[in-house]
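Student: In terms of full-length UniProt numbering, the sequence shown opens at residue 1 and continues consecutively. Every residue, glycine too, gets a C-beta built ideally from N, C-alpha and C.
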Amino acid sequence: MNLKQKARQLKTDIPAIYLVLKDKETPSFAKLMAGITVGYALSPIDLIPDFVPVLGYLDDVILLPIMIALTIHFIPKDVWERSRKAAYDMWKDGKPKKWYYAIPVLCIWLLIIIMFIRAII
């Protein structure tokens, strides 16, 4: 599997792991692993910052796929297949266009702006 195919697979694996979190049949430890993996994948904070040449992307290229594989190992097969199919269906017509996914990001930016203004005043 080449790098482009791996990137495409990550694009469906991360949402599938998120959907696993919402499934009632997922065991608690698998939900914990899924939460950590999705949180790390979406977090703007990396173990090694991306601006460090070469090393900055190693955590995204090596650590994230390892976390995904480890998480998938703890997810029951039927739950994983259901979630993966739902994630694939979500992306097959292009990017999901649900605006409310942006609400947490907007709230975080709003809090940062408020804290910045309070620090100045």
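1. Going by C-alpha distance, which of V52, Q9, L64, I114 is nearest S43?
2. Can you grab the Cα-Cα spacing for the pair V20 / S83, in whole Å?
3. Pick out whichever of Q5, Y18, K24 has its Cα sitting closest to the Cα of M33.
4. By a C-beta neighbour count over all protein chains shown, 10 Å radius and 16 as the cutoff for buried, is I75 buried or exposed?
5. Would you kindly work out how many angstroms separate the C-alpha atoms of N2 and R118, rounded to a whole number?
6. What's the call for A102, buried or exposed, on a 16-neighbour Cβ count within 10 Å?
7. So, are the CB atoms of A41 and I14 less than 8 Å apart?
8. Considering only residues of the same chain and omitting the five flanking positions on each side of M115, which have a CB-CB separation below 7 Å?
Tutor: With the structure as the only source:
1. Translated into the one-based positions of the sequence shown, residue 43 becomes position 43. Of V52, Q9, L64, I114, the residue nearest in Cα terms is L64.
2. Counting from one through the sequence shown, the residue named residue 20 turns up at place 20. Counting from one through the sequence shown, the residue named residue 83 turns up at place 83. Computed Cα separation, rounded: 6 Å.
3. The residue you call residue 33 lines up with position 33 of the sequence shown. Ranking Q5, Y18, K24 by Cα distance to M33 puts Y18 first.
4. Here the question's residue 75 lines up with position 75 in the sequence shown. Flag for I75 reads buried.
5. Taking the first residue of the sequence shown as 1, we reach residue 2 at position 2. Taking the first residue of the sequence shown as 1, we reach residue 118 at position 118. Near 49 Å, if we compare the C-alpha coordinates of R118 and N2.
6. To locate residue 102, count along the sequence shown from 1; it is residue 102. Classification for A102: exposed.
7. Within the sequence shown, residue 41 is the residue found at index 41, counting from 1. Within the sequence shown, residue 14 is the residue found at index 14, counting from 1. In contact: A41 and I14 (Cβ atoms closer than 8 Å).
8. On the sequence shown, position 115 is the one that residue 115 refers to. Once the five neighbours on either side are set aside, M115 has no close Cβ partner at all.
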